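Residue numbers (this note's numbering): 48 to 123.
The structure appears below as structure tokens.
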């Protein structure tokens with residue numbers, strides 16, 4: 048049997064998860080000059096953020112002052 052070499056990569060940061068939050072973190076770190084890797088167990092278009100299919104909400108203007116409770120009521 049022949050010996051095969053295992054490739055070695057070096058990164059400043061490794062993000063586990065390629066959903067919206069993981070990719071946003073990777074962008075921020077990369078823009079900060081860090082060599083960044085993103086690991087995902089699924090193909091990028093099958094991340095949980097993509098699988099939400101419109102189920103991602105944001106806090107928008109309300110008739111009352113905006114509060115995190117309103118966002119929770121809209122999304123849970």
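Built from N, CA and C at the ideal position, the CB exists for glycine as well.
These figures come from a predicted structure and were not determined experimentally.
DSSP state of residue 62, grouped into three classes?
Taking the chain shown and counting its residues from 1, one reaches residue 62 at position 15. If DSSP states are grouped into helix, strand and coil, residue 62 belongs with the strands.
Between the C-alpha atoms of residue 83 and residue 71, what's the straight-line distance to the nearest angstrom?
On the chain shown, position 36 is the one that residue 83 refers to. On the chain shown, position 24 is the one that residue 71 refers to. If I take the Cα positions, the gap works out to 12 Å.
Nearest-angstrom Cα distance between residue 69 and residue 51?
By 1-based counting over the chain shown, the position of residue 69 is 22. By 1-based counting over the chain shown, the position of residue 51 is 4. Near 32 Å, if we compare the C-alpha coordinates of residue 51 and residue 69.
Give the secondary structure of residue 70 by DSSP, where H, G and I count as helix, E and B as strand, and everything else as coil.
Numbered from its first residue, the chain shown carries residue 70 at position 23. Residue state, collapsed to three classes: helix.
Quick test of your reading: residue 81 and residue 65, contact by CB under 8 Å. State the CB separation rounded to the nearest angstrom.
Residue mapping note: residue 81 aligns to position 34 of the chain shown, counting from 1. Residue mapping note: residue 65 aligns to position 18 of the chain shown, counting from 1. Their Cβ separation, rounded to whole angstroms, is 17 Å, which puts residue 81 and residue 65 out of contact at 8 Å.
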